[in-house]
C-alpha cells in the first residue's frame, strides 16, 4: 500500500460538514485505509478573493489504488457533495487534491503529483505539517 496525502477544502454549504463528510467517504474508498486527519483550518480565499473564506484539512491514507484511480475516487466524492466546476479557483462545496502519492511523480494533463501548488499554499502546508512534519518530496527534499 502507498502512503498518500490529500488536501480538502470547502467554502460553501456548511464547509465544516462538507469536509467531515468527505473524510467519511475517503474512509470507505476501496483498498484504502485512513491514517490521520488534520484539524480544520479557517483561511482566506485564495485565487478569487470575492468569495467566502475556506476551511481546509489534510488527510493521510494508505491505498492500493493507482494515482489515477485515487483521483477518480476523489472527483466522485466531490460530485457526490455537489461540486460543479464552473469557475477556476471559485467557490466550491468541496475540493480534494492529491498532494503526494508515495515517492511517485506523475505529470498528466489533469493530474500532477506532487501537486503543483503544494509548496506555495499555506492553507495546505499548515495542516500537512500537523500530521506529517517529516514528509519529503519524491526527490528527497524535506518540505518543512
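Numbering (my numbering), first residue to last: 561 to 704.
Backbone N, C-alpha and C fix where the C-beta goes; we use that ideal spot for every residue, glycine too.
(message) I'd like the list of long-range same chain contacts for residue 613, defined as Cβ closer than 7 Å, with 5 residues on each side in sequence excluded.
(response) 571, 602, 603, 604 and 605
(request) Measuring alpha carbon to alpha carbon, tell me which of 587, 659 and 648 ends up nearest residue 679. (result) 659
(request) Quick one: residues in its chain with C-beta nearer than 8 Å to the C-beta of residue 640, no 5 flanking neighbours on either side, listed in chain order? (result) 585
(request) Within the same chain, show all residues whose beta-carbon is closer than 8 Å to that of residue 593, passing over the 5 residues directly before and after it, in chain order. (result) 561, 621, 622 and 623
(message) Applying the 10 Å Cβ sphere with the 16-neighbour rule, what's the burial state of residue 578?
(response) buried
(message) Mapping the DSSP letters down to three states, classify residue 685 as helix, strand or coil.
(response) helix
(request) In the DSSP assignment, find the unbroken beta strand (DSSP E) run with residue 655 in it and report its ends. (result) 655-661
(message) Strictly by DSSP, which residues pair up with residue 617?
(response) 568
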